[in-house]
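*Asks:* To convert a position in the sequence shown, counted from 1, into this note's numbering, add 7. Idealized CB from N, CA, C, for every residue including glycine.
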Amino acid sequence: MATTAPAPTNATREVTELGRILRQLDVPEFWQAWLEPAIRLLLILVVGWTLLRLLKLLISRFEKRLIAAADHNIETQFDARTRIGTLVGLLRQVVNIVMFVILGLIVLTQLGVQIGPLIAGAGIVGVAVGFGAQYLVRDIITGFFIVLENQIRVGDVVTINGTGGLVEALTIRTVVLRDGNGVVHVFTHGNISTLSNATRDWSAYIFNFAIQLKEDPEEVMQAIRDAVAELRQDQVIGPKIIADVELWGVDKLDGGGFTIQGRIKSRPGQQADVARALLRKLRVLFGERSIEMSSSTPTIQLLPAPQPVKP
8 MATTAPAPTN ATREVTELGR ILRQLDVPEF WQAWLEPAIR LLLILVVGWT LLRLLKLLIS
68 RFEKRLIAAA DHNIETQFDA RTRIGTLVGL LRQVVNIVMF VILGLIVLTQ LGVQIGPLIA
128 GAGIVGVAVG FGAQYLVRDI ITGFFIVLEN QIRVGDVVTI NGTGGLVEAL TIRTVVLRDG
188 NGVVHVFTHG NISTLSNATR DWSAYIFNFA IQLKEDPEEV MQAIRDAVAE LRQDQVIGPK
248 IIADVELWGV DKLDGGGFTI QGRIKSRPGQ QADVARALLR KLRVLFGERS IEMSSSTPTI
308 QLLPAPQPVK P
């Protein structure tokens, strides 16, 4: 009983068609054996490079859409670029890894390597390695949600596990802080137990001005309001202030005077500039309105020594 030969697979048909083209070009059979797989590998690499470029282009357009959508929120353009840039950077890393793994497997297949046993062996090894890499997986998953939930961004001033500093780098596994002394601290996401962000959405300068007891609190608070109002008209400091000054009134009263407490909200990380500008402005206004501040430092007055009484 005659048996029919199995139909050629797509790979065989493609090789046959490619070989037919080479024969039509009068390419010697010796060179056909080398040119055919070389051309196939070249086509695979070209298609892979094209797909990778296309994915990067789509990611870039997606980034621009996110930044444009953030303009309708209270988030500033700088904050949006920082947060979205961090998230898109992690997305690019994941896309690159997946694409290179897929291209590597396809290239191995075209070179005649049986990837079935390779994948099965990798699965067995992966189970063994998984026990040792469980902390790595935990760090990656935790880092993804930290970036997705916008908990921290590059450029934020944060305190992690009691260590404060500026976020210089944020990867899918670690966060890098640099403190005020220039020391770099690296934390894996899975080991972060406490996280405090000092520049999330807005920052604030809380002030306590000690005033002499003879001064009128209402006049002092009006001077503070006028100082902030002038600062908001300044082209440099004005954009850094996002709300009117909050005056909480007299916070402390003792024999030396009283304390006026309040708060000014600023752009994230800009509270120091606002505080310095406010102090310079108040120094001028307090002098013009003859408002005297008190000092918490005790004053020691030296009295002359008693003279002996002559009999």
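Ordered along the chain, which non-local residues of its own chain (more than five positions away) have a Cβ less than 6 Å from that of L59?
*Replies:* These residues qualify, in order along the chain: M106.
*Asks:* May I ask you to report which of helix, strand or coil DSSP gives A205?
*Replies:* It is coil, neither helix nor strand.
*Asks:* Return helix, strand or coil for T178, following the three-state DSSP convention.
*Replies:* Here T178 sits in coil by DSSP.
*Asks:* Report all residues from its chain with a CB closer than 7 Å to the CB of E299; omit the five preceding and five following residues, and keep chain order.
*Replies:* Answer for E299: Q219, E222, listed in chain order.
*Asks:* To the nearest angstrom, report how far apart W255 and L202 are at their CA atoms.
*Replies:* Answer to the nearest angstrom: the Cα atoms are 29 Å apart.
*Asks:* On a CA-only basis, which of L65, R72, A217, L110 is nearest L289? Give me that one, please.
*Replies:* Ranking the options by Cα distance to L289, first place goes to A217.
*Asks:* Measuring CA to CA, which of K272, W209, S210, T266 is closest to R239?
*Replies:* Nearest option by C-alpha distance: K272.
*Asks:* Three-state secondary structure (DSSP) at V193?
*Replies:* Three-state DSSP puts V193 in a strand.
*Asks:* Can at least three beta-carbon pairs, one atom from the region 158-171 and one from the region 192-207, be found at a separation below 8 Å?
*Replies:* As far as the Cβ criterion goes, the region 158-171 touches the region 192-207, which means the pair count is three or higher.
*Asks:* Can you name, in chain order, every residue of its own chain whose Cβ lies under 7 Å from the Cβ of A250, other than the five neighbours on each side?
*Replies:* Same-chain partners within the cutoff: K272.
*Asks:* Express the C-alpha separation of L184 and V193 in angstroms, rounding to a whole number.
*Replies:* One C-alpha to the other measures close to 6 Å.
*Asks:* DSSP three-state label for K272, please.
*Replies:* In the structure shown, K272 sits in a strand (DSSP, three-state: E or B).
*Asks:* Excluding the 5 residues flanking T116 on each side, which residues of the same chain have their C-beta closer than 7 Å to its C-beta?
*Replies:* Answer for T116: I122, listed in chain order.
*Asks:* Please return the same chain residues whose Cβ sits closer than 6 Å to the Cβ of I81, not counting the five positions on each side in sequence.
*Replies:* Its pLDDT being 46, under 50, I81 is placed unreliably in this model, and the coordinates cannot settle the point.
*Asks:* Hey, out of S297, I179, V243, whose CA is closest to I148's CA?
*Replies:* Here the closest residue by C-alpha is I179.
*Asks:* Alpha carbon to alpha carbon, how far is L260 from D186?
*Replies:* Looking at the two C-alpha atoms, the distance is approximately 37 Å.
*Asks:* Assign D241 to buried or exposed, taking buried as 16 or more other Cβ atoms, counted over all protein chains shown, within 10 Å of its Cβ.
*Replies:* Exposed, by the Cβ-count rule.
*Asks:* In this structure, how does DSSP classify I81 when only helix, strand and coil are distinguished?
*Replies:* Because the pLDDT of I81 is 46, which lies under 50, any placement of that residue in the model is unreliable, and the number read from its coordinates should be weighed accordingly. If DSSP states are grouped into helix, strand and coil, I81 belongs with coil.
*Asks:* By alpha-carbon positions, which one of F151, F69, W209, R207 ends up nearest to T195?
*Replies:* If we check each option's Cα against that of T195, F151 comes out closest.
*Asks:* Please look up how many angstroms separate the CB atoms of G269 and I244, rounded, as I've assumed it's under 8 Å.
*Replies:* Contact flag wrong, Cβ pair sits at about 17 Å.
*Asks:* In angstroms, rounded to a whole number, what distance separates the CA positions of L65 and R99?
*Replies:* Straight-line Cα distance between these residues: approximately 11 Å.
*Asks:* Name the one or two DSSP bridge partners that R185 has.
*Replies:* DSSP, once it has assigned bridges, lists L173, V191 as partnering R185.
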